[in-house]
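Participant: I have a structure here, written as structure tokens, and I will follow up with some questions on it.
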Amino acid sequence: MSTTLAESKRIVIVGLRNAGKSSVINNIFEKDVSIVSDTPGTTTDPVTRKIELGNLGPCAIVDTAGLDESGILGNKRKNKSLERLKIADIVLFVSRADIDVTDEERAIVRALISQKTPFLFILTCIDLKESSNKIEWASDYSPIKVNNSVGFGFSILRKKLSSIKIATNHEFTPVEGLVTEGDFVILVTPIDLAAPKGRLIAPQVETIRDLLDRDCGIMVVKDRELREFYNKIGIRPKLVITDSQAFSQVAADIPEDQPLTSFSILFARKKGNLNSFIKGVEAIENTPKGAKILVMESCSHHKQADDIGTVKIPRLFKQLVREDVEFDFTRKLPIDVKLEKYYMVIHCGGCMITAKTMLDRMEIVEKNGTYITNYGLFLGWANGLLPRALKPLLRNL
328 MSTTLAESKR IVIVGLRNAG KSSVINNIFE KDVSIVSDTP GTTTDPVTRK
378 IELGNLGPCA IVDTAGLDES GILGNKRKNK SLERLKIADI VLFVSRADID
428 VTDEERAIVR ALISQKTPFL FILTCIDLKE SSNKIEWASD YSPIKVNNSV
478 GFGFSILRKK LSSIKIATNH EFTPVEGLVT EGDFVILVTP IDLAAPKGRL
528 IAPQVETIRD LLDRDCGIMV VKDRELREFY NKIGIRPKLV ITDSQAFSQV
578 AADIPEDQPL TSFSILFARK KGNLNSFIKG VEAIENTPKG AKILVMESCS
628 HHKQADDIGT VKIPRLFKQL VREDVEFDFT RKLPIDVKLE KYYMVIHCGG
678 CMITAKTMLD RMEIVEKNGT YITNYGLFLG WANGLLPRAL KPLLRNL
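So for the sequence shown, my numbering puts the first residue at 328; every next one is plus one.
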């Protein structure tokens with residue numbers, strides 16, 4: 328199984344139309360992976376390709392539309408490109424050496440400096456007559472000069488790209504600090520209508536691999552088989568990890584003193600700030616009359632009749648907290664909505680986004696005075712299993 332996009336470093340390529348962004352990508356990959364044309368606006372939507380780059384490891388390179396797009400459709404394309412900039416770990420800014428610097432280009436570079444995203448300045452079309460205006464401006468940013476037609480300069484670009492040090496917070500692996508070599512762990516993975524056909528979901532796969540890397544024994548069972556196999560094995564598991572939606576049944580089928588948590592809670596620690604999520608779940612009981620709650624997911628899956636985000640969580644919230652709350656649902660952080668109107672955001676486990684994206688979302692939400700928690704913590708609270716489901720993790724924060 329290849330490294331998921333959520334675990335890859337995001338390298339976003341930006342610049343004006345016809346700056347040579349797609350050709351830069353093709354030269355980095357040393358093959359044609361992006362369509363190239365002299366027609367302005369060839370790249371319409373962001374296109375992502377995966378690659379291994381030296382010390383950076385697995386990366387996802389994102390080709391974007393030109394930031395000088397205009398018109399209704401052009402502005403939509405430009406906004407999509409700007410959205411990708413927000414999740415970038417590294418930016419490759421591409422500019423033509425033969426054309427004078429524009430106000431849009433100056434604004435892009437100022438924005439990159441302001442948001443403190445590492446970036447490389449790439450000058451293309453160096454085989455044409457250079458603009459003294461552009462060269463003088465670019466000199467402040469140690470530009471890398473390349474010729475897309477013959478591949479000149481790309482060995483230097485790859486070397487500099489691979490050597491970039493990305494400042495990141497420590498990201499926990501799923502079971503880091505929770506198990507040691509030789510421990511035995513049970514994973515409970517319900518197979519219902521919402522489960523993908525023929526495979527496990529990403530958090531389950533990552534957790535299995537992490538346990539194997541730590542030389543642990545693993546048993547994977549469906550929720551309805553847990554009691555039988557738990558009583559058969561004859562040894563006490565170090566930990567039972569379940570899908571959050573099966574919390575209630577799993578807790579009923581194992582001893583009360585058996586350490587228990589969920590995949591979603593593991594990912595609350597892995598992807599986000601667990602303390603902030605806990606603060607959010609503690610605020611549930613103080614939800615004011617008529618409050619608005621935003622449920623946010625980060626992947627596109629087919630909704631079932633009893634969908635967790637749009638059906639189960641709103642139903643449980645109204646049953647256990649108050650009926651007069653209003654729920655909205657989104658798959659991305661809304662940029663045109665005032666988040667302060669929401670009392671709380673309840674986010675999915677975030678297995679399909681990077682930790683940087685999750686932490687950025689949390690920061691934006693909390694700056695607006697809104698609480699945030701995630702599916703696993705909410706369902707643990709709703710089933711009366713907090714602090715039990717948090718106890719294994721709180722010892723290792």
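Yeah, the Cβ is synthetic: ideal placement off N, Cα and C, and Gly gets one too.
The structure displayed is predicted, hence computed values, not measured ones.
1. Determine, using beta-carbon pairs with one atom in the region 686 to 699 and one in the region 634 to 652, whether at least three such pairs fall under 8 Å.
2. Less than 6 Å between C-beta atoms, sequence neighbours within five positions excluded: which residues of the same chain meet that for leucine 706?
3. So, at 8 Å on beta carbons, what are the nonlocal neighbours of lysine 733 in its own chain, with the 5 sequence-adjacent residues on each side left out?
4. Use the C-beta contact count for threonine 588: other C-beta atoms within 10 angstroms, 16 or more gives buried, fewer gives exposed.
5. Whose C-beta lies closer than 6 Å to the C-beta of aspartate 510 among residues of the same chain, with five residues either side of it excluded?
6. How many Å lie between lysine 683 and isoleucine 414 at the Cα?
7. Measuring only the C-alpha atoms, how far is alanine 392 from serine 603?
8. Go ahead and pull the three-state DSSP assignment for glutamate 410.
9. Which residue marks the beginning of the beta strand (DSSP E) containing glutamate 653, and which one marks its end?
10. Under the rule that 16 or more other beta-carbon atoms within 10 Å means buried, what is aspartate 359, buried or exposed?
11. Starting from valine 421 and walking both ways along the alpha helix (DSSP H), at which residues does that stretch end?
12. Out of Glu650, Leu484 and Thr697, which one is the CA nearest neighbour of tyrosine 670?
13. Would you call valine 506 buried or exposed, if buried means 16 or more other Cβ atoms sit within 10 Å of its Cβ?
14. Among Asp537, Pro373, Ser489 and Cys626, which has the Cα closest to the Cα of proline 385?
15. Which one of Glu498, Asp651 and Leu412 has the shortest CA to CA distance from arginine 437?
16. Under the rule that 16 or more other beta-carbon atoms within 10 Å means buried, what is glycine 342, buried or exposed?
17. State yes or no: is the beta carbon of glutamate 612 nearer than 7 Å to at least one beta carbon in chain B?
18. DSSP on phenylalanine 481, reduced to helix/strand/coil?
19. Mind reading off the beta-carbon distance from tyrosine 702 to cysteine 678? Whole number of angstroms is fine, and I expect it under 8 Å.
Facilitator: Based on what the coordinates show:
1. No: fewer than three Cβ pairs fall under 8 Å.
2. By 1-based counting over the sequence shown, the position of residue 706 is 379. Shown here for leucine 706: same chain residues with a beta carbon closer than 6 Å to its own, the five before and five after excluded, namely Ser571 and Phe574 in chain order.
3. Because the chain spans 328 through 724 in this model, residue 733 falls outside it and cannot be assessed.
4. Here the question's residue 588 lines up with position 261 in the sequence shown. Taking a 10 Å sphere around the C-beta of threonine 588, we find 16 or more other C-beta atoms and assign the residue as buried.
5. Here the question's residue 510 lines up with position 183 in the sequence shown. Around aspartate 510: Cys543 and Lys565.
6. Numbered from its first residue, the sequence shown carries residue 683 at position 356. Numbered from its first residue, the sequence shown carries residue 414 at position 87. Looking at the two C-alpha atoms, the distance is approximately 7 Å.
7. Sequence index remark: in the sequence shown, residue 392 carries index 65 (1-based). Sequence index remark: in the sequence shown, residue 603 carries index 276 (1-based). Approximately 35 Å, taken between the alpha carbons.
8. Residue mapping note: residue 410 aligns to position 83 of the sequence shown, counting from 1. Note: glutamate 410 maps to helix in three-state DSSP.
9. Position 326 of the sequence shown, counting from 1, holds the residue named residue 653. Glutamate 653 -> beta strand (DSSP E) spans 653 to 657.
10. For the purposes of this step, residue 359 is taken as the residue at position 32 of the sequence shown. Exposed, since its Cβ has fewer than 16 Cβ neighbours within 10 Å.
11. Within the sequence shown, numbered from 1, the residue matching residue 421 stands at position 94. Unbroken run through valine 421 is the beta strand (DSSP E), 417 to 423; no alpha helix (DSSP H).
12. Taking the sequence shown and counting its residues from 1, the one referred to as residue 670 is at position 343. With distances taken between Cα atoms, tyrosine 670 lies closest to Thr697.
13. Taking the first residue of the sequence shown as 1, we reach residue 506 at position 179. Valine 506 should be labelled buried.
14. Reading the sequence shown from its first residue, position 58 is the one you call residue 385. Minimum Cα distance to proline 385 is reached at Ser489.
15. As a first step, residue 437 is located in the sequence shown; it is residue number 110 there, counting from the start. Nearest Cα to arginine 437 within the set Glu498, Asp651 and Leu412: Leu412.
16. The residue labelled residue 342 in the question sits at position 15 within the sequence shown. Burial check for glycine 342: the Cβ neighbour count within 10 Å reaches 16 or more, so the residue is buried.
17. Absent from the structure: chain B. Only one protein chain is present.
18. Looking up residue 481 in the sequence shown gives position 154. Here phenylalanine 481 sits in helix by DSSP.
19. For the purposes of this step, residue 702 is taken as the residue at position 375 of the sequence shown. For the purposes of this step, residue 678 is taken as the residue at position 351 of the sequence shown. Between cysteine 678 and tyrosine 702 the Cβ distance is about 11 Å, and since that is not below 8 Å, they are no contact.
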